[in-house]
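Residue numbers (UniProt numbering): 1 to 267. In what follows, a single structure is set out as structure tokens and then discussed.
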Amino acid sequence: MATPKIRSKTSTPQKSNHAGERPAAPKAAPKVKRFKSAYSKAEMEEIFHRFSVQRPEPKGELEHVNPFTLVVAVALSAQATDAGVNKATRALFKVADTPEKMLALGEEGVTQYIKTIGLYRNKAKNVIALCRMLIDEFGSEVPKTREELIRLPGVGRKTANVVMSMAFGVPTLAVDTHVFRIANRLLMAPGKTPDEVEENLLKVIPDQYLFHAHHWLILHGRYCCKARKPECERCVIADLCRSPEKTVDVPAPLVELPQQLIGEAVE
């Protein structure tokens, strides 16, 4: 007679599957760090109102004669001063103010004009490649959209924003070293990257001041809120400023400054 199988008294525990058991709660989505300016909406309006009184018609300080020479000048200004670029391009643009004329100079020819600018060899290469693309793909015209502009050799988002604003009247915000410093130092729109600062500034700058905003911030950073030592005694927003580095609480007299001398910029 067959011996019956004896079941073990120990058995592997099974997961409970009772209908009344609650499912595990889903994991909470990570919190998105929200940007917060140190200034109220009214304070931002007052800051840019004062900038508008001080400089009613601010201008970029790179010399140019048309959209083509502007895009070249801005591309050359990377890691260089506007004053230094102007000295180099003054003679260059007299002989080459179109993509065809610049291309005719060739890479070595362009190099001879811009060799006082940092990274001049790579920049000369980019200028020639930029000219070829403008001729081959854009009918020798500088494109008007950011997406097309950033396709050009040596042109990034900052350069594209400058060209869109200065050449085509589009209200953009170009974040250069001055704007990046001001946005962070003043706690106006802090960010770790230029793109982040641009995004945050666009959230707090009043719409009516956006068109000139990047020029006001650049000029404020270049001539007043300087990198090494801010000149707070000359600042028209000293009473509103939230910078930990601020040394003065009384604003400078709010008067219109003398007209800018393009090409004579002090860096």
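Positions of the beta carbon are idealized from the N, C-alpha and C atoms, including for glycine. If you're wondering where the values come from, they're calculated on a predicted model, not measured in any experiment.
Task: Distance, Gly154 Cα to Cys223 Cα - done: On the sequence shown, position 223 is the one that residue 223 refers to. On the sequence shown, position 154 is the one that residue 154 refers to. Checking the sequence shown, residue 223 turns out to be Tyr, not Cys. Distance between the alpha carbons of Tyr223 and Gly154: 28 angstroms.
- [ ] Tell whether a beta-carbon distance below 8 angstroms holds between Arg181 and Gly221.
- [x] Here residue 181 is taken as the residue at index 181 of the sequence shown, counted from 1. Here residue 221 is taken as the residue at index 221 of the sequence shown, counted from 1. The answer is yes: Cβ separation under 8 angstroms.
Task: 3 or more residues per run - each beta strand (DSSP E) lying fully within the UniProt domain "HhH-GPD" (76 to 223) - done: none
Open item on the list: Is the separation between the beta-carbon of Phe48 and that of Ile205 shorter than 8 angstroms?
Closed with: As a working note, residue 48 is residue 48 in the sequence shown. As a working note, residue 205 is residue 205 in the sequence shown. Yes, the pair counts as a contact, with Cβ atoms nearer than the cut-off.
- [ ] Can you tell me which of the three DSSP states Arg34 falls into?
- [x] As a working note, residue 34 is residue 34 in the sequence shown. Arg34 falls in the coil class under three-state DSSP.
Open item on the list: I'd like to know whether the C-beta atoms of Ile114 and His178 end up nearer to each other than 8 angstroms.
Closed with: For the purposes of this step, residue 114 is identified with residue 114 of the sequence shown, where counting begins at 1. For the purposes of this step, residue 178 is identified with residue 178 of the sequence shown, where counting begins at 1. In this structure, His178 does not lie closer than 8 angstroms to Ile114 by Cβ.
Open item on the list: For a test of the three-state rule: what should DSSP assign to His64, helix, strand or coil?
Closed with: Along the sequence shown, read from residue 1 onward, the residue named residue 64 stands at position 64. DSSP places His64 in coil when its eight states are reduced to three.
Open item on the list: Less than 8 angstroms between the C-beta atoms of Phe35 and Asn200, yes or no?
Closed with: The residue given as residue 35 occupies position 35 in the sequence shown. The residue given as residue 200 occupies position 200 in the sequence shown. Yes, these two residues count as a Cβ contact at 8 angstroms.
Task: Status (buried if at least 16 other CB within 10 Å, exposed otherwise) for Asp239 - done: Numbered from its first residue, the sequence shown carries residue 239 at position 239. The residue is exposed, with fewer than 16 neighbouring Cβ atoms inside 10 Å.
- [ ] For the alpha helix (DSSP H) holding Lys41, just list the boundary residues, first then last.
- [x] What you label residue 41 is simply residue 41 of the sequence shown in a count that begins at 1. That run of the alpha helix (DSSP H) goes Lys41 to Gln54.
Open item on the list: I want to know whether the stretch 232 to 248 touches the stretch 72 to 83 - three or more CB-CB distances under 8 angstroms.
Closed with: no
Open item on the list: Mapping the DSSP letters down to three states, classify Val236 as helix, strand or coil.
Closed with: On the sequence shown, residue 236 is found 236 positions in, with the first residue counted as 1. Of the three classes helix, strand and coil, the one that applies to Val236 here is coil, per DSSP.
- [ ] Say whether chain B places a C-beta atom closer than 8 angstroms to the C-beta of Arg34.
- [x] As a matter of chain content, chain B is missing from the structure shown, which is built from one protein chain.
- [ ] Measure from the alpha carbon of Ile150 to the alpha carbon of each residue in Cys232, Val74 and Met44, then state which is nearest.
- [x] For this step, residue 150 is matched to residue 150 along the sequence shown. Considering only alpha carbons, the answer is Val74.
TODO: Determine, using beta-carbon pairs with one atom in the stretch 127 to 147 and one in the stretch 90 to 107, whether at least three such pairs fall under 8 angstroms.
DONE: yes
- [ ] Identify whether Val250 lies in helix, strand or coil by the three-state DSSP scheme.
- [x] Counted from its first residue, the sequence shown places residue 250 at position 250. DSSP places Val250 in coil when its eight states are reduced to three.
Task: Simplified DSSP assignment, three categories, for Leu70 - done: Translated into positions along the sequence shown, residue 70 becomes position 70. Looking at Leu70 - three-state DSSP - the assignment turns out to be helix.
Task: C-alpha gap between Gly109 and Ser37, whole angstroms - done: Counting from one through the sequence shown, the residue named residue 109 turns up at place 109. Counting from one through the sequence shown, the residue named residue 37 turns up at place 37. So the two alpha carbons sit approximately 48 angstroms from each other.
- [ ] Tell me whether Phe168 is buried or exposed, calling it buried when 16 or more other Cβ atoms sit within 10 Å of its Cβ.
- [x] On the sequence shown, residue 168 is found 168 positions in, with the first residue counted as 1. So Phe168 counts as exposed.
Task: Val250 classed as buried or exposed, judged by whether at least 16 other C-beta atoms fall within 10 angstroms - done: Numbered from its first residue, the sequence shown carries residue 250 at position 250. Val250 comes out exposed.
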